[in-house]
Amino acid sequence: MTNSISKPIIIVGGGHNGLVSATYLAKAGHKVKVLEAREVVGGAASTTSFAEGYRVSGVAHILYTLNPKICRDLQLESMGLDPGTSIDTIALGQDGNHLTLGRNAVNGVDLSQKDISAYTDFKKEFRSYAKALTPLIMNKPPRLKDMDRRDLSTLAQLGWKLRFGLGANSMREFLRVGGINIYDVLNEVFDDPRLKGAIAADAVLGHHMGPRTPTTVLTYLYRLWGEIHGAQSLPTGGMGEISETLAKAAIKAGVTIETGAKVKRIVVDEGKVSAVELETGELIEASIVISNADAKTTFLDLVGAEELDAMFCHRIDTSRSKGNTAKLHLALNSLPKFAGLSGSQLAQRLIIAPNMRYVEHAFNHAKYGEYSEQPVLEIVIPTIDDPELAPEGHHVMSISASFAPYSLKQGWENHRDRFANKIVDLIEGYASGFSDIIVARELLTPPDIEAQYNISGGHWHHGELTIDQSFMMRPVHGAAQYDTPISGLFLCGATAHPGGGVTGIPGHNSAKRILAMGAGK
Amino acid sequence: MQSVEQEKTTLHDPDEVLKHSPFHEQVEKHCRLRNWMSWNGYLTARVYDTLASEYFAIRSSCSVMDLTPMEKYRITGPDALKFLNRLVVRDVSKLKPLRVTYVAWCNDEGKVLDDGTIFHLEEGEYRLCSQHHQLDWLLMSSLGMDVTIVEETHDVAALAVQGPTSYSVLCAAGINGLDKLKLFGILHTELNGFKVMVSRTGYTGDLGYELWTEPVNGLDLWDVIFSVKDSGLYDVRAIGLAALEMVRIEAGFIMPGDDFNTAETAIRAGHDRSPFEIGLGWVINFDKPHFTGKKALQEEKGRSIKRRLVKLLVEGNKPPVDSFLYDKKKGQRVGTIKSQIWSPILKANLTLADIEYHKGKPPAEIWAEIYYQKELEWQVTWARCRISKDPFWSHPRRSVTPPERF
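From first to last, the protein sequence lines stand for chains A and B. Just so we're aligned, residue 19 is where the first sequence starts under the working numbering, counting upward by one. Just so we're aligned, residue 189 is where the second sequence starts under the working numbering, counting upward by one.
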């Protein structure tokens with residue numbers, strides 16, 4: 019496509035998906051302008067300072083591989099993309115007996131040979147399921163009515179991958195487990211409670227789900243999908259560096275990026291976008307606006323219900339998007355001493371989810387608007403491999419803590435410290451003397467994430483990734499193919515298919531969709 | 189204390205299967221046939237004594253009908269107009285205070301949910317009357333708007349006073365100012381010390397009014413109107429829903445749920461109807477700001493119509509109840525009769541029928557296959573049908589101001 023329009027394409031929100039979408043469109047010859055409300059790009063994938071001298075990845079802190087196609091297309095390596103050190107997952111055992119969960123192998127004290135070989139088979143099998151979903155993930159979700167040629171091709175590829183990629187037996191097994199819960203599946207496969215607890219935690223982290231919640235196999239597969247192309251890693255300089263690299267690629271492709279430019283309104287005229295209005299009152303004309311914001315923010319706040327049909331607004335309004343995970347940032351004056359963990363093991367991703375009942379109990383609280391008495395924790399200490407993030411000799415610890423419901427029954431105001439203390443006390447049980455080395459801390463509850471990162475509900479994924487809010491129903495049907503009921507308005511963020519995580523895929527798919535629709539012509 | 193009071197008002201009376209309207213005392217007295225039915229959960233007279241006399245009261249003198257069960261909603265607040273204009277397909281911004289307009293509203297797919305009337309009671313204050321319960325849809329549609337929606341079905345007592353002598357009767361009853369009240373106009377007035385709102389509206393296609401007051405004044409209002417009859421000048425007759433059904437078909441007024449499946453109740457694909465398909469294309473205003481279903485209707489506008497609800501005159505005198513319609517005798521089926529009556533005043537079989545259109549046009553010929561009984565023997569016959577563009581009955585006096593006195 020050649021440069022054929024005078025008005026620029028405006029992207030509302032410079033999250034990583036917005037940047038990916040912008041770059042693809044600029045490379046295709048469009049004039050693209052990204053408006054980011056915060057002072058830095060990246061949104062939930064940015065690096066922030068939480069105490070004098072201590073920096074940490076703001077919300078997302080582990081990279082599950084940026085999609086290789088996107089890296090290739092946008093030549094991100096030549097821009098200096100540094101995914102950082104690959105890390106394994108360590109399931110912390112209360113007695114100092116930990117398990118190390120790699121991509122393909124698991125090892126640890128007291129682990130049976132049966133579980134060791136079952137793990138290798140399980141990962142291989144489940145990764146092949148995840149891989150079979152690739153055509154679905156890398157394309158716009160097919161419509162079930164009025165399919166176009168791309169939809170037919172997506173479904174054909176998906177069918178082919180499921181039937182012939184997996185083979186009859188695996189496909190049958192995939193169809194059996196695809197819609198059920200991870201609790202039952204893991205009980206079928208493994209014996210060791212630590213192993214099951216850690217995998218179950220992977221399936222529910224960031225969601226309003228416990229291991230027994232239906233479709234948790236699917237959320238696990240979505241997480242595993244990133245593993246197809248490589249291991250999880252901690253990006254050097256924090257997640258913000260990934261976004262900065264994407265911004266570099268965008269600028270090189272000709273994209274203009276404005277930070278500190280908060281969009282107040284997407285102006286709609288006769289069902290078509292005509293401009294965006296900034297908080298400052300400035301109007302920027304546009305024939306195409308792509309929103310990197312979540313669906314509720316985009317449609318109910320920026321566009322406004324009166325420009326949309328009533329039932330569509332109702333669906334957006336009732337879609338589930340209340341976050342359930344808090345982020346705790348700790349500044350440490352030295353490395354903590356976890357019983358039974360070696361120095362190199364400390365640099366891995368540490369999970370506190372000793373068994374599946376523990377995870378389910380943690381979730382039970384969230385069902386009733388309480389935070390978990392014993393939360394599930396995902397802990398990383400990025401400064402071990404990336405000392406620049408803290409003053410010399412000091413460290414930062416980044417913790418995702420589940421479950422911390424957005425709508426806490428008692429309100430977060432008086433409970434913020436209590437929850438943070440609970441997390442610290444919990445870690446203290448694994449690493450005695452831990453609380454003495456903390457010099458500063460910051461807890462981000464879902465309402466904090468909502469306020470600081472402009473994400474409705476403070477939800478990582480811009481909306482629950484349950485099956486009823488996935489694929490051709492993400493965020494809701496009527497806006498599931500990146501285009502929306504408003505002509506010229508598109509979605510490109512985690513609110514759209516396939517969902518959250520630092521993958522760049524919604525950005526990639528939306529740009530592809532816009533180009534296929536002949537944007538600007 | 190407060191909770192005890194609340195309990196009293198919300199307690200359901202198990203003996204009251206159907207609700208009594210504020211006029212019940214009089215309705216029960218007049219309803220000699222005890223021919224009751226339920227309308228919106230209210231005990232309602234289908235026929236008071238004889239259908240023919242009730243029908244002719246509407247067409248030749250003055251009829252009174254208890255309108256209380258009709259769904260009513262009070263719409264107020266800074267965004268009231270914005271809300272209504274986004275709700276319905278018609279441009280409500282053109283509705284001046286003290287005026288009434290007929291409206292219909294659709295779902296996102298542009299299929300009709302219901303029809304009704306909007307009363308602009310006073311500046312910024314509206315009443316929406318609908319055929320079916322709509323509170324959930326109204327609340328759903330109010331997302332993001334500063335508007336208050338209160339159902340007031342049970343809080344307003346209403347009477348329809350319709351017929352050629354209705355004006356004279358109401359004047360004789362002591363209502364002043366009717367001489368200036370135009371069709372679709374609203375008059376706020378007082379009668380015997382209580383407030384009454386009069387609107388020149390109705391469901392009969394003839395001269396008529398609707399009177400609205402607080403339930404506590406209901407019986408007084410009834411008495412004032414019927415006192416005119418007692419004075420011996422005019423006949424005033426209570427009429428039931430059976431007579432209304434006859435005159436509304438004569439007037440060509442459609443009934444959602446009877447003449448077409450409302451979108452909310454349609455389950456199968458293609459069983460819902462757009463405004464174009466039920467003859468309400470004229471109500472839609474595409475020049476106003478966005479309203480629910482606008483996009484779908486704009487797309488539909490560009491396509492030729494596939495079916496339409498029409499006013500269909502059936503020859504002969506055999507009642508074409510639920511008849512199938514064909515393009516010729518024993519030909520291809522092209523539609524169904526939805527509502528039908530024998531019109532005593534026009535001496536004709538009048539119906540509303542759903543007809544399939546081809547390339548935007550109705551079939552060249554339409555025939556009804558009519559099954560009827562003759563001394564308990566079923567017979568079948570065919571009758572030629574004609575589509576009527578105009579209402580079967582619409583009297584000029586409906587809109588003459590001031591109306592003629594009798």
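Idealized CB from N, CA, C, for every residue including glycine. The model shown is predicted, which means the values in this text are computed figures rather than measured ones.
Assigned secondary structure, residue i (DSSP; H/G/I helix, E/B strand, else coil)
{"i": "A/R145", "result": "helix"}
{"i": "B/H218", "result": "helix"}
{"i": "B/C294", "result": "strand"}
{"i": "A/K214", "result": "helix"}
{"i": "A/A268", "result": "helix"}
{"i": "A/V416", "result": "Note on identity: in this sequence residue 416 of chain A is Ser, with Val being the wrong assignment. The answer is strand: DSSP assigns A/S416 an E or B state."}
{"i": "B/V192", "result": "A caution first: B/V192 carries a pLDDT of 45, below 50, which makes its placement in the model too unreliable to give a value."}
{"i": "A/Q428", "result": "coil"}
{"i": "A/G33", "result": "strand"}
{"i": "B/W570", "result": "strand"}
{"i": "B/G304", "result": "strand"}
{"i": "B/V205", "result": "coil"}
{"i": "B/D343", "result": "helix"}
{"i": "A/F508", "result": "strand"}
{"i": "B/P444", "result": "strand"}
{"i": "B/E433", "result": "helix"}
For residue i, the nearest candidate out of the options (CA to CA)
{"i": "B/A268", "options": "B/K260, B/S249, B/L316", "result": "B/L316"}
{"i": "A/V377", "options": "A/A218, A/H48, A/Y42", "result": "A/A218"}
{"i": "A/L173", "options": "A/S39, A/G36, A/P153", "result": "A/P153"}
{"i": "B/K483", "options": "A/L184, A/M491, A/F330", "result": "A/F330"}
{"i": "B/R585", "options": "B/T392, B/D324, B/M333, B/A360", "result": "B/T392"}
{"i": "B/S226", "options": "B/E204, B/D394, B/E465", "result": "B/E204"}
{"i": "B/C573", "options": "B/S387, B/L275, B/P551", "result": "B/P551"}
{"i": "A/V494", "options": "A/K51, A/W478, A/G517", "result": "A/G517"}
{"i": "A/A365", "options": "A/M97, A/S104, A/Y500, A/D210", "result": "A/S104"}
{"i": "A/G525", "options": "A/V38, A/V291, A/I29", "result": "A/V38"}
Neighbour-count burial assignment, residue i, 16 or more Cβ in a 10 Å radius
{"i": "B/V192", "result": "Note that B/V192 scores 45 on pLDDT, short of 50, meaning its location in the model is unreliable and no value can be drawn from it."}
{"i": "B/R425", "result": "buried"}
{"i": "A/G255", "result": "buried"}
{"i": "B/Y355", "result": "buried"}
{"i": "A/S352", "result": "exposed"}
{"i": "B/M189", "result": "In this prediction, B/M189 scores a pLDDT of 38, lower than 50, which makes its location untrustworthy; the coordinate-derived value is nonetheless stated afterwards. It is exposed - the Cβ of B/M189 has fewer than 16 other Cβ atoms within 10 Å."}
{"i": "B/W581", "result": "buried"}
{"i": "B/W566", "result": "exposed"}
{"i": "A/V224", "result": "Note on identity: in this sequence residue 224 of chain A is Gly, with Val being the wrong assignment. Counting Cβ neighbours within 10 Å, A/G224 comes out buried, since at least 16 surround it."}
{"i": "A/N35", "result": "buried"}
{"i": "A/N157", "result": "buried"}
{"i": "B/K517", "result": "exposed"}
Beta-carbon neighbours of residue i, restricted to chain A and to distances below 7 Å
{"i": "B/N295", "result": "M329"}
{"i": "B/S329", "result": "A328"}
{"i": "B/G481", "result": "D327"}
{"i": "B/R274", "result": "E324"}
Interface partners of residue i on chain B, CB under 8 Å
{"i": "A/D335", "result": "L331"}
{"i": "A/L318", "result": "L331, G332"}
{"i": "A/H332", "result": "M328, L331"}
Residues that residue i contacts on chain A, provided the C-beta gap is smaller than 9 Å
{"i": "B/K270", "result": "E324"}
{"i": "B/H478", "result": "V286, E288, G289, E324, E325, L326, D327"}
Under 9 Å by beta carbon: chain B residues contacting residue i
{"i": "A/P493", "result": "Within 9 Å Cβ-Cβ: nothing; A/P493 doesn't reach chain B, min ~16 Å."}
Within-9 Å CB hit, residue i to chain C
{"i": "A/G496", "result": "The chain inventory of the structure shown lacks chain C, comprising the protein chains A and B."}
Beta-carbon neighbours of residue i, restricted to chain B and to distances below 7 Å
{"i": "A/P503", "result": "K483"}
Does the stretch 481–489 of chain A touch the stretch 452–461 of chain A, meaning 3 or more C-beta pairs lie closer than 8 Å? no
Given 8 Å as the limit, is there contact between the stretch 333–350 of chain B and the stretch 251–266 of chain B, that is, 3 or more CB pairs closer than that? yes
Can at least three beta-carbon pairs, one atom from the stretch 305–316 of chain A and one from the stretch 481–499 of chain B, be found at a separation below 8 Å? A contact is defined here as three or more CB-CB pairs under 8 Å, and the stretch 305–316 of chain A fails this definition with respect to the stretch 481–499 of chain B.
Using 8 Å as the Cβ pair cut-off and three pairs as the minimum, do the stretch 126–146 of chain A and the stretch 234–242 of chain A touch? yes
Indicate whether the contact test is met: 3 or more Cβ pairs, each with one atom in the stretch 256–263 of chain A and one in the stretch 68–87 of chain A, closer than 8 Å. yes
How about the stretch 215–223 of chain B and the stretch 381–400 of chain B: do they share at least three Cβ pairs that are nearer than 8 Å? no
Examine the Cβ distances between the stretch 232–239 of chain A and the stretch 198–218 of chain A and report whether three or more of them are shorter than 8 Å. Yes, the stretch 232–239 of chain A is in contact with the stretch 198–218 of chain A.
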